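Residue numbering for the sequence shown is 1 to 352, as defined by UniProt numbering.
A quick write-up on the structure given underneath.
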Amino acid sequence: MVRAVKEGKATEGSVDRAWAVLTIAPERRPASAGILRLLASLRLTLALIALLGCGVAFAYLREGARTWPLVVPLVLLALNLLAAVLTNGVFRRQTELLVFHLALIVLLLLVAAGRLTYLNGYVGVTEGVPFDGTLSDSDQGPLHAGDLARVHFVNKGFRIDYAPGLQRGATRNEVAWAGPDGRWHEELIGDQTPLVLSGYRFYTTFNKGFAPTFRWRNAHGADLRGSVQLPPYPLKEYSQAAEWTPPGSALSIWVMLDIDEILLDPAEHTTFRLPERYRLVVRIGRDRHEMRPGESLQTAEGTLEFEGLRSWMGYRVFYDWTLPWLLAACALAVVSLAAHFWRKFTAKPWDA
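Dropping the structure here:
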């Protein structure tokens, strides 16, 4: 009706009806419409984008506050965009544009949900020792719902080749895990190829090293096995020492690996391997001992037997259930926006 008035084609009665719509309709408009128009304001959009930028900077500077400074602006931006879709008739007339903006809303909400439920962590796993679901370091969202305690796998060893200058090549780590059917499966993973179990992604890292493995028999007859993960090698080649407390004991044992050979020659192509010539120095209180595989020590709390030397691998652990949905929403947004511009540019001949 308004278009007819502007084009000068309306009758006198139609002009009166259009004027009535323009003057009376705003007064009868419900309060919710005003709230929607306020939420759809472009000024509010700019303010929320600035708030999101501040949240990103704050999260970058404050390691312990990386969730709410991002989640709140993302949710408010999603509401702002949803209000714009509901109050703007252009979206109802152009399906492709409507789908694009709905995909953007879903993207914003998925990113917010990902920040609330994510997990980043780190763990070192000794060769042949099952991962027990415990991380040595982790950071997670307040609504993280994963069950890492149910995730188990075995590090079966790895191979890393080095070029001259100790340039590290790709990591090839063989792992094994039991599936829901109880059958064991094997897979080769690396820095870019993760092991995915129950939504958790395990990536190898440059952290790896040696782990002396012990058998501990306490005074009560319990026979337990444990390993000491020494500092990363070759990153900390000259500080291969650590303290260890046997399971169920208060005894503090200091362990040092003294390697008597060149494992990684900077001038040659070489491969990470266990040393063949080494001494394992063990200090218990003021007593110092050198142990070989198979040798044991008698202490006041039990017997310590050195079984041998193994390797350990450090894993970066990541969890975010929104990743496949983010990919689908991004693909939908790209396709719908491409369709929108294709229709727009093909409405007229390009050579016109």
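Every residue gets a Cβ at the ideal spot worked out from N, C-alpha and C, and that includes glycine.
These figures come from a predicted structure and were not determined experimentally.
Any idea which residues DSSP pairs residue i with across the strands?
{"i": "Thr270", "result": "Tyr162"}
{"i": "Ser227", "result": "Thr213"}
{"i": "Val255", "result": "Ala242, Val282"}
{"i": "Glu305", "result": "Arg215, Ser296"}
{"i": "Pro130", "result": "Val154"}
{"i": "Ile35", "result": "According to DSSP, Ile35 bridges with nothing at all."}
Please work out which residues of its chain come closer than 8 Å, Cβ to Cβ, to residue i, disregarding the five sequence neighbours upstream and downstream, and give them in chain order.
{"i": "Val75", "result": "Leu108, Leu109, Ala112"}
{"i": "residue 367", "result": "Because the chain spans 1 through 352 in this model, residue 367 falls outside it and cannot be assessed."}
{"i": "His289", "result": "Val281, Val282, Arg283, Leu297"}
{"i": "Asp258", "result": "Gln240, Tyr278, Arg279, Leu280, Val281"}
{"i": "Glu27", "result": "Low per-residue confidence applies at Glu27: pLDDT is 48, beneath 50, and the placement is therefore not dependable enough to give any value."}
Ordered along the chain, which non-local residues of its own chain (more than five positions away) have a Cβ less than 7 Å from that of residue i?
{"i": "Leu104", "result": "Leu81, Ala333"}
{"i": "Thr117", "result": "Gly141, Leu143, His144, Ala145, Trp321"}
{"i": "Phe91", "result": "Val85, Leu97, Leu98, His101"}
Go through its chain and collect everything with a Cβ distance to residue i's Cβ below 6 Å, but skip five positions before and after it.
{"i": "Gly124", "result": "Gln229, Trp312, Gly314"}
{"i": "Arg3", "result": "Note on Arg3: pLDDT 40, under 50, position unreliable in the model; no value is reported."}
{"i": "Asp139", "result": "Asn120"}
{"i": "Asp223", "result": "Arg217"}
{"i": "Gly133", "result": "Leu148, Ala149, Val151"}
Considering residue i, what are the terminal residues of the beta strand (DSSP E) in which it resides?
{"i": "Leu297", "result": "296-298"}
{"i": "Arg279", "result": "278-284"}
{"i": "Arg43", "result": "No beta strand (DSSP E) contains Arg43, which is instead part of the alpha helix (DSSP H) from 42-61."}
{"i": "Ala149", "result": "Looking at the DSSP string, Ala149 is not in any beta strand (DSSP E), and its letter there is neither H nor E."}
{"i": "Val175", "result": "167-178"}
{"i": "Asp137", "result": "137-140"}
{"i": "His289", "result": "287-291"}
Could you tell me the boundaries of the alpha helix (DSSP H) in which residue i lies?
{"i": "Ala338", "result": "323-345"}
{"i": "His101", "result": "95-117"}
{"i": "Val75", "result": "68-87"}
Straight-line CA distance for residue i to residue j?
{"i": "Val335", "j": "Phe341", "result": "10 Å"}
{"i": "Tyr319", "j": "Thr299", "result": "43 Å"}
{"i": "Val282", "j": "Thr245", "result": "12 Å"}
{"i": "Ala338", "j": "Ala329", "result": "14 Å"}
{"i": "Asn88", "j": "Ala47", "result": "20 Å"}
{"i": "Leu36", "j": "Ala78", "result": "13 Å"}
{"i": "Glu174", "j": "Glu186", "result": "7 Å"}
{"i": "Val130", "j": "Phe202", "result": "Looking at the sequence itself, residue 130 is Pro, so the reference to Val does not match. So the two alpha carbons sit approximately 14 Å from each other."}
{"i": "Leu135", "j": "Ala250", "result": "22 Å"}
Take residue i as the anchor and find which of the options has the nearest alpha-carbon.
{"i": "Ala149", "options": "Gln192, Trp216, Ile189, Ser198", "result": "Ser198"}
{"i": "Phe272", "options": "Ala83, Gln167, Leu36, Ile49", "result": "Gln167"}
{"i": "Ala219", "options": "Gly302, Leu327, Leu195", "result": "Gly302"}
{"i": "Arg115", "options": "Arg343, Leu327, Leu323", "result": "Leu323"}
{"i": "Arg159", "options": "Thr204, Arg277, Leu195", "result": "Thr204"}
{"i": "Val71", "options": "Val56, Leu263, Glu63", "result": "Val56"}
{"i": "Arg292", "options": "Arg183, Gly308, Leu264", "result": "Gly308"}
{"i": "Val151", "options": "Glu237, Val317, Pro164, Ser41", "result": "Val317"}
{"i": "Lys208", "options": "Asp287, Leu274, Ile49", "result": "Leu274"}
{"i": "Pro212", "options": "Ile253, Leu61, Ala178", "result": "Ile253"}
{"i": "Ala83", "options": "Pro73, Ala40, Ala50, Tyr122", "result": "Ala40"}
{"i": "Gly294", "options": "Leu304, Asp287, Gly285, Arg286", "result": "Leu304"}
Please indicate yes or no: does the CB of residue i lie closer than 8 Å to some heavy atom of the ligand FMN?
{"i": "Asp265", "result": "Among the components of this structure there are no ligands whatsoever, and the ligand FMN is therefore not found."}
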